[in-house]
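Undergrad:
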Amino acid sequence: MRRRRSRRQSAARVACALALCCAAAPFAGAVPSTFAPVIGNALLCRSHLDNAYFYSYMATAFGPSHKHEDGAYWFKADATLWGAAVTEILVSDDSSELVFVGAVTDSAPDKLDEAIRAAVGTRHLAQDGSPFPVRVSALGSQIVYFNDKSKIYCAKYKALPPAR
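Note that the working numbering has the sequence shown beginning at 252, numbered continuously upward.
#1: Could you spell out the range, first to last residue, of the alpha helix (DSSP H) harbouring Phe-313?
#2: When you compare only the Cα positions, how much space is there between Tyr-324 and Asn-292?
#3: Considering Ala-330, what are the terminal residues of the beta strand (DSSP E) in which it resides?
#4: For Lys-402, does the count of other Cβ atoms within 10 angstroms reach 16, so buried, or fall short, so exposed?
#5: Mind checking which residues open and close the beta strand (DSSP E) that includes Leu-349?
#6: Do Gly-322 and Ser-298 come within 8 Å of each other at the CB atom, strictly closer than that value?
#7: So what does DSSP say about Lys-409, is it helix, strand or coil?
#8: Starting from the C-beta of Tyr-308, find all residues in its chain whose C-beta is less than 7 Å away, skip the five residues before and the five after it, and write them out in chain order.
#9: Quick one: residues in its chain with C-beta nearer than 7 Å to the C-beta of Tyr-306, no 5 flanking neighbours on either side, listed in chain order?
#10: Determine the direct distance from the alpha carbon of Thr-373 to that of Pro-360, and round the result to whole angstroms.
#11: Output the boundary residues of the beta strand (DSSP E) element that contains Ala-336.
#12: With a threshold of 16 other CB atoms inside 10 Å of the CB of Val-352, please say whether the residue is buried or exposed.
#13: So, for Ala-370: in the same chain, excluding its five sequence neighbours on each side, which residues have a beta-carbon less than 7 Å away from its beta-carbon?
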């Protein structure tokens, strides 16, 4: 009798441990298959920007943000977009008049522009002849220098409330 009970308890413990592991799986760092189209299109200003949606998407896929500063939630993301390594994703909070989604990459801005152009055809043109120019696409996404890396983002003004 004692042996059966201990086997049942062991099986129950294993089942419980397995359930806990499966529940934690989304936070284990696995990049969702929808990451490139969802986040990539948002960064290129090809989709509607809704910071609540992107915050929820990132929190579900990568866990809670690791910091909240400069009007944004910062999420660690060990992923790639257009063949470029992405280390962090930024999602705006509601403190700004802008809604934005951004990403920090390990690539220099000119290399990131080349990778995006090769992958999806979108060009980011340098806005001036300075050593660190802002690069802007026709749809409004921007690539800027971020220390020795680059940051790409799409920012739009929040929609006005309906007229009464």
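Ideal placement from N, C-alpha and C gives every residue a C-beta, glycine not left out.
TA: Short version:
#1: 302-313
#2: 19 Å
#3: 323-332
#4: buried
#5: 349-356
#6: no
#7: coil
#8: Val-289
#9: Tyr-324 and Val-342
#10: 14 Å
#11: 335-343
#12: buried
#13: Trp-333 and Gly-334
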